[in-house]
Each structure stands twice: as C-alpha cells, then as structure tokens.
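Number of protein chains: 2
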Amino acid sequence: MDAVAIKRSLAGGRLRCTPQRYAVMAFLMEHGGHPTAAEIFEAVNRVDPRSSRATTYNNLRDLVKAGLVREVAVEGRAARFDAKGMRHHHFICDRCGNVEDMEWYDVPRPTSGSLGRRIVRECELIFRGLCTKCGPRHASR
Amino acid sequence: MDAVAIKRSLAGGRLRCTPQRYAVMAFLMEHGGHPTAAEIFEAVNRVDPRSSRATTYNNLRDLVKAGLVREVAVEGRAARFDAKGMRHHHFICDRCGNVEDMEWYDVPRPTSGSLGRRIVRECELIFRGLCTKCGPRHASR
DNA sequence: ATATCATATTAGACATAATCTAAATTTTTC
DNA sequence: GAAAAATTTAGATTATGTCTAATATGATAT
Ligand SMILES: [Mn+2]
Ligand SMILES: [Mn+2]
Ligand SMILES: [Zn+2]
Ligand SMILES: [Zn+2]
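Listed below in structure tokens is the structure:
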C-alpha cells in the first residue's frame, strides 16, 4: 500500500516511524475492519519484524493519543480500533457484536442550556441493532 | 425510596425480587451517577444483606438483559451502569472520564440507503469533551 | 402452611484484557 | 562519536469479568 501516506500520518502525529509502529498503522489503514489489540498483534507478527504485545499496546495508545486512531469501546469485549480516515458513525450488532462503519452525517448539538459549561469536542453516534448477517433472512416466511 | 416502584420494575422484567437484586436495582434508581460493578458491589454491601461479587455481576447482567439497566462501555475503564429512567444521552469527559447524563433529543436516523438491510434498535449519542469541573476556569485570565 | 422446583446465590477458581517494570536497544541530537 | 531521548521487550502484575457446582431461596400450587 501507500507507504508514503502511512509515514506522513505518523509524522503528522509527531511520532517516530519505527517498524513496529509503522506495522500497526499500516494494518489499520489497509484494513477496513475494527480489529482488537490482540488481532492487530497477531496480524503484524505474521510478517516480520516481530513486535511484542506490550509494544502493540503502547503504539495503539500513542496513535490514539495523537488522534490518528480511534478506540471503540464495546460492552463486554476487548476494545476495537480503526484508523481515523473519513469521518463516520458506527453500527454495533446486538447479536454478533460486529462493529461496522456507517456513512457520516452531521449531528445536531445539544442546546447551550443543557450543555452548561461543558465543552464538546465531538459527537459520536452509535447505532445498535441487527447487522445484515444477523437480521431476518430477507423474503423468508 | 419507593420500594414499590423498584419491585414493580423487577416484576416488569420478569425477574424475581431477591434481596440482592433489589439492592442493586434500588442503588441504581436512587443514585444519579454511573457506578461501576465494583462500586455497586461495595455500596450494596455497606448495608446488609451481603451480596457476593458473582451475584452483583449476575444481577447486573440480568437487569441489562431485561432492559431495566443500561451498560455504558467506556474506553480503558470498567463498564458503568445506570437505571433506564428517562431517555437521555451521555457526556464523557476526556480528562476525568466522568459520565454525565444529557437531555434527550431525537436523533436523525441514517438514510435507508446507507442502512441497507440492517435493523436499527436504537441510536445512542455520546458527547465527548471537558466537563464543567475539568474545563477552563470561567472568567479566568 | 408445606411441598415443589425453577431460579438465584456463593466462594473461589479461572479467563481475558490491559498495564507496568526495568533492562536493553534504537534513534536523534549535539 | 558521545550523550540523551524515545522505543522495544519479556514477563510480572493488575483489573475486570466469567464460570463451576454445591447450596439456598422465592414463587406457586396444593
Ligand atoms: Mn470505524
Ligand atoms: Mn445515564
Ligand atoms: Zn450481526
Ligand atoms: Zn472532567
């Protein structure tokens, strides 16, 4: 894939481009899904260089802190990660737990009255329900 | 507090009213916040009857499954719980991690095109930023 | 009131996810 | 090239949550 874009992303977050960190970022950018830290660890270690578990966690934390990667908390399961490419919302399946991207659209902000002195950085919209795979078979019974 | 309302809630969820389960539900209904399972366990055990850790988790799972309680997943921390009273959204502070209720308002659903065959059960809106306590001191400098 | 039985509770073992530690390595700066 | 800073690492440790299987109990029927 586009190694230059990946390196540029890391530079933008003021993060050194180490082989291990590059591998994590590259995996997230090339991969549409929402892998867990364990899945990322396994994936980047299928190819060299070998990266330790601690380093995978460290790099994910750094990438999230730099704003390049988003962490998605899911109830009862390990956190999931995705590269912050295009803005999007998320759909989480009640049954299989899969996290899917949904087309982004602007969300109305709360009234300043209900907001008080809080400062909103972002509005995140999460849809829950049944994904295509888990929903009722179309046109059945 | 209103013991009858609590019992009615449990009955509505087809859950037996045991002292341990009642204590969990009562704590969540009387308490505005968003406690963790560990906090609930500690709180209900400050008064008798003593409830085991396993039972606290079991009852929280049952209450969530029955739709009486909501579980809020927060990145990097233990799950939090609140009784589903009035509908509301949530605000999560970037700095202190506190979860606060926000006035509810209807959220526009995704277009049926982007939704595909998915079935949406609910739309959850989460605001992130700085809470009143963590924001810049008002009228400072 | 008593019997019945599905449901609930329990202690503690177990599992999983994530963080911490401190030594070694790599990269950057001077 | 030496010194400083950032990164990696294995393995220990912590945090959170689940499971097991023996025991107890609430709800219902009699
Ligand atoms: Mn995503
Ligand atoms: Mn709430
Ligand atoms: Zn699904
Ligand atoms: Zn705060």
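Here the protein sequences come in this chain order: C and V.
So the first sequence is residues 1 to 141, counted in this note's numbering.
So the second sequence is residues 1001 to 1141, counted in this note's numbering.
The beta-carbon is built from N, C-alpha and C at its ideal position, and this holds for glycine as well.
{"Asked": "In angstroms with no decimal places, state the Cα-to-Cα distance between Gly13 of chain C and Phe41 of chain C.", "Found": "21 Å"}
{"Asked": "Along the alpha helix (DSSP H) that carries Asp1062 of chain V, what are the first and last residues, could you check?", "Found": "1053-1065"}
{"Asked": "Where Asn1045 of chain V and Ala1073 of chain V are concerned, what is the direct C-alpha to C-alpha distance, given to the nearest angstrom?", "Found": "24 Å"}
{"Asked": "Between which two residues does the alpha helix (DSSP H) containing Leu1010 of chain V stretch?", "Found": "1003-1012"}
{"Asked": "Quick one: what does DSSP say Val1099 of chain V is sitting in, helix, strand or coil?", "Found": "strand"}
{"Asked": "Using a beta-carbon distance below 8 Å, is Leu1125 of chain V in contact with chain C?", "Found": "yes"}
{"Asked": "Under the three-state reduction of DSSP, which class applies to Glu1042 of chain V: helix, strand or coil?", "Found": "helix"}
{"Asked": "Closer than 9 Å, Cβ to any Cβ of chain V: which residues of the stretch 5-37 of chain C, in chain order?", "Found": "none"}
{"Asked": "Give me the Cα-Cα distance between Ser1140 of chain V and Ala26 of chain C, rounded to the nearest whole angstrom.", "Found": "Only weak support is given to the placement of Ser1140 of chain V: the predicted model assigns it a pLDDT of 49, under 50, and the value that follows is read from those uncertain coordinates. The alpha-carbon atoms of Ser1140 of chain V and Ala26 of chain C are separated by roughly 43 Å."}
{"Asked": "By how many angstroms is the C-alpha of Arg1016 of chain V removed from the C-alpha of Asn58 of chain C?", "Found": "45 Å"}
{"Asked": "Taking the DSSP output, what are the residues bridged to Ser36 of chain C?", "Found": "As written in the sequence, residue 36 of chain C is Thr, which differs from the Ser given in the question. Partner(s): C:Arg80."}
{"Asked": "Thr111 of chain C: buried (16+ other C-beta within 10 angstroms of its C-beta) or exposed?", "Found": "exposed"}
{"Asked": "Any contact of the stretch 121-132 of chain C with the stretch 1026-1039 of chain V, i.e. 3+ C-beta pairs under 8 Å?", "Found": "no"}
{"Asked": "What did DSSP end up calling Gly113 of chain C once you bin it into helix, strand or coil?", "Found": "helix"}
{"Asked": "Any idea which residues DSSP pairs His1088 of chain V with across the strands?", "Found": "V:Glu1103"}
{"Asked": "On the three-state DSSP scale, how would you describe Val24 of chain C?", "Found": "helix"}
{"Asked": "Where Leu10 of chain C and Asp82 of chain C are concerned, what is the direct C-alpha to C-alpha distance, given to the nearest angstrom?", "Found": "15 Å"}
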